[in-house]
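Converting from the sequence shown to my numbering requires adding 129 to each position, the first position being numbered 1.
Built from N, CA and C at the ideal position, the CB exists for glycine as well.
What follows is a single structure, written as structure tokens, with notes after it.
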Amino acid sequence: MRTCHEEYATGPCLAMSDEEEEVVDPKESVDTKCKATKECAKLLIAYEACSERIDAKGSGQCTGQYLDYVGCVDNCAAHGLFGKLK
């Protein structure tokens, strides 16, 4: 298998072995663990409650609650990811 198209290549194309491992993004598993923490779960509940209020009202936004939740997950994940960097 070739990793580049010969007509677009400016240098040599790299051949990949069929036996090479597929790279797994460690962030996905770390994010899953972080989403399950009490702190982040509370923020998710607050965001979902806001979303339900907005759906019932028909107008508004929950940007603040969403950013709080995503920030919690990212902050938690950052601590777990830096140890896995090569």
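- Annotation: the continuous alpha helix (DSSP H) that includes Thr161 extends over 155 to 164.
- In summary, Leu172 is buried, with 16 or more beta-carbon neighbours lying within 10 Å of its beta-carbon over all protein chains present.
- For the pair Ala206 and Cys179, the CB atoms are not nearer than the 7 Å cut-off.
- Val159 counts as buried, since at least 16 other C-beta atoms from the protein chains shown sit within 10 angstroms of its C-beta.
- Beyond the five residues adjoining it in sequence on each side, Tyr195 comes within less than 6 Å, by CB distance, of Tyr176 in the same chain, given in chain order.
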